[in-house]
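Step one of this worksheet: look at the structure below.
Number of protein chains: 2
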Amino acid sequence: MVDRAKMVNKALDEAVPQKYPDTLYESMRYSLLAGGKRVRPALCLAACELVGGDVTAALPAACAMEMVHTMSLIHDDLPSMDNDDFRRGRPTNHKVYGEDIAILSGDALLTFAFEHIARATKGVSADRVLRVIIELGRASGAEGLVAGQVVDIQSENKSVGLDVLKYIHIHKTAALLEASVVCGAIAGGADEATIEKLRKYSRNIGLAFQVIDDILDVTQTTEQLGKTAAKDLAVNKTTYPKLLGLEKSKEVADQLILEAIQQLDGFDAAKAAPLVALAKYIGYRQN
Amino acid sequence: MVDRAKMVNKALDEAVPQKYPDTLYESMRYSLLAGGKRVRPALCLAACELVGGDVTAALPAACAMEMVHTMSLIHDDLPSMDNDDFRRGRPTNHKVYGEDIAILSGDALLTFAFEHIARATKGVSADRVLRVIIELGRASGAEGLVAGQVVDIQSENKSVGLDVLKYIHIHKTAALLEASVVCGAIAGGADEATIEKLRKYSRNIGLAFQVIDDILDVTQTTEQLGKTAAKDLAVNKTTYPKLLGLEKSKEVADQLILEAIQQLDGFDAAKAAPLVALAKYIGYRQN
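Residue numbers (my numbering), protein chains in the order written: chain A, 1 to 287; chain B, 288 to 574.
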């Protein structure tokens, strides 16, 4: 995973070089190259290789996942949204560049995600590249990430049930993790049955990812997380630990990870190892 | 042009139907269906037909242009940007739905523009659809619209020269008008030489569009414009009238329109008539 993160960081650095207007590109690069864990790109590349594709076929899509993810963090952190001052251990984008530039650099990263897939993907049929774009669009917009964020905002300071909480998690977090895996598989040349198997895997780890996030918000410090801890409690947000308690939440996450790994049963064990490892990483991560 | 606007309005209404989460889709539809003049879609469809394509081939791209344009208006109007209260004769998006929803519905429209082209374009080769996506991406992001907006913001309350003003206009306004024409031509099956001829046409009308915008800001009332008039003066913005005077600015716009129309010389006059009419409309519009 460390090697993969390096590969992705290099590709992101080259995809978004410093240019005029300076402030815009600095702001984009500030958040994009802030050294996240690159979980989404890692999933994308691993899915591509699992289905027999060359890793380079999925590299532009992998970078695009990180661009969209970064955009969502920049916009979510804005004062009119979650109003966060720290992210990945550093001041948030708008704290450094101002709200206007933060909004615009998010817009630019979102735009470039689609352009980059269309422009930089090589060795994949144009039909498949279009499918990748459709998957990413669905995961990022009003049927995915944005929808999740809207319902999340509207649920603050309200007590919501498990159905709404699940809706938020599936849309706000799981959708892009799902797209990462599915787009990697499409770029790698997977058939429909394989794509759907991997879709199930990714939905499970996506939901687990956010359950763990809820847990870590309670159990970890701001330093450990690199972002403000106990934030959910502070804004009285409904979370898995709040609804189910810590122990039961951990059980839910474990079960989701277990079922995700079961989806990989039909694959060659050696080839599936990276996706198994990523599922476990997501299930047992500490930040 | 009225018929075309109707066709586009219907297509936009169907492309973004009202769904859950209600507020998000209401906010998207509030601005998207606010009855703009649909200049970009009209250009896109006319370019497609001029090169011999069926109008339906360019309809998804035409709608996408309007989605990106609408997103840029929603985000530009935000308090941290131009802080505008009125647009198209109605309160701006954030005035009705709040800043958070306005940012998110802009994000959703931007995302959906790309998804819609990839998903809904029929009868066009996948390679050409990817080219359309690349053109739209370049026009909308850090090399286009967003770059123009950043330099525009940074130039407020500063006196800038004609070179910077031209940079702003070309990126903030002309880029998307150019993409509208070029994407229509690509979807319509145009060869490279034709695409480049139409690119020159569109660059000229794009620049003229913004020169006229600068002029109208001085000469028209808020009621006539449907948005705040004399805004440029209020924020001490450098404009064509400020740099060159009103008369000379009108001459510049006239010359740009003339040269745009000259690019259409080689085409069948009857077929080129809509693009000639659109150039004249842009050159002589009153709001």
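All C-beta atoms in this analysis are idealised placements derived from N, C-alpha and C, irrespective of residue type, glycine included.
Considering residue i, what are the terminal residues of the alpha helix (DSSP H) in which it resides?
i	result
A:L225	222–225
A:M65	55–76
A:G184	175–187
A:M1	Here A:M1 belongs to no alpha helix (DSSP H), and DSSP marks it neither H nor E.
A:S80	Counting along the chain, A:S80 falls outside any alpha helix (DSSP H), and DSSP gives it neither H nor E.
A:D213	192–219
A:E115	99–120
B:P561	556–571
A:P41	39–50
B:E546	533–549
A:H169	162–169
B:Y307	That residue, B:Y307, is in no alpha helix (DSSP H); it is neither H nor E in DSSP.
A:K158	Per DSSP, A:K158 belongs to no alpha helix (DSSP H) and is neither H nor E.
A:L233	231–234
A:R138	126–140
How about residue i: is its C-beta nearer than 9 Å to some C-beta of chain B?
i	result
A:D77	no
A:K122	no
A:A100	Reading the sequence as shown, one finds Asp at residue 100 of chain A and not Ala. At least one chain B Cβ lies under 9 Å of A:D100.
A:R87	no
A:L110	yes
A:A175	no
A:M28	yes
A:A39	Note that residue 39 of chain A is Val in the sequence shown, not Ala. Answer no: the Cβ-Cβ gap between A:V39 and chain B never drops below 9 Å.
A:V235	no
A:V16	yes
Which chain B residues sit within Cβ distance under 7 Å of residue i?
i	result
A:Y25	A429
A:D13	What A:D13 touches in chain B: nothing, since even the nearest Cβ is about 15 Å away.
Please work out which residues of its chain come closer than 7 Å, Cβ to Cβ, to residue i, disregarding the five sequence neighbours upstream and downstream, and give them in chain order.
i	result
B:L432	S359, A426, H458, K459, A462, L463
B:R327	M352, E353, H356, L463, L464, S467
B:M581	Residue 581 of chain B is absent from the structure shown; chain B starts at 288 and stops at 574.
B:G340	A474, G475, G476
B:K445	none
A:D82	D76
Please report whether the beta-carbon of residue i lies at a distance below 9 Å from any beta-carbon of chain A.
i	result
B:Y307	yes
B:A413	yes
B:G393	yes
B:M288	no
B:V295	no
B:M358	yes
Only counting the same chain, and skipping five residues up and downstream in sequence, which positions put a Cβ closer than 6 Å to that of residue i?
i	result
A:G106	M71, I74, H75
B:T526	D501, D519
A:I168	G148, V151, D152
B:L346	A298
Mind listing the chain A neighbours of residue i? Cutoff is C-beta to C-beta under 7 Å, in chain order.
i	result
B:G475	The premise fails here: B:G475 is roughly 18 Å from chain A at the closest Cβ pair, so nothing lies under 7 Å.
B:F401	F114, I133, G137
B:R406	I134
B:A434	P21, L24
Residues of chain B with CB closer than 8 Å to the CB of residue i, please, in chain order.
i	result
A:G151	Per the sequence shown, the amino acid found at residue 151 of chain A is Val instead of Gly. By Cβ distance, chain B contributes P308.
A:Q154	P308, T310
A:S80	G385, E386, D387, I390
Rounded C-beta distance between residue i and residue j? I'm assuming under 8 Å.
i	j	result
A:I205	A:I103	Contact doesn't hold; Cβ gap of about 30 Å is too wide.
B:L530	B:L452	6 Å
A:G161	A:A57	With 8 Å as the limit, A:G161 and A:A57 do not qualify as a contact, their Cβ atoms being about 42 Å apart.
A:L50	A:A272	6 Å
A:I101	A:T23	6 Å
B:R375	B:G323	6 Å
A:S80	B:E386	4 Å
B:A429	A:A108	4 Å
B:V563	B:L551	6 Å
Spatial neighbours of residue i within its chain, please: C-beta separation below 8 Å, excluding the five flanking residues on both sides.
i	result
B:E443	V522, N523, K524
B:T408	A344, P347, A348, V416, V419, A474
A:R199	E178, V181, V182
B:G424	F401
B:T481	V338, A472
At a CB-CB cut-off below 8 Å, which residues of chain A make contact with residue i?
i	result
B:V416	A126, L130
Using the beta-carbon of each residue, which ones in chain A are nearer than 9 Å to residue i?
i	result
B:A345	Correct list: empty, because the minimum Cβ distance to chain A is about 16 Å.
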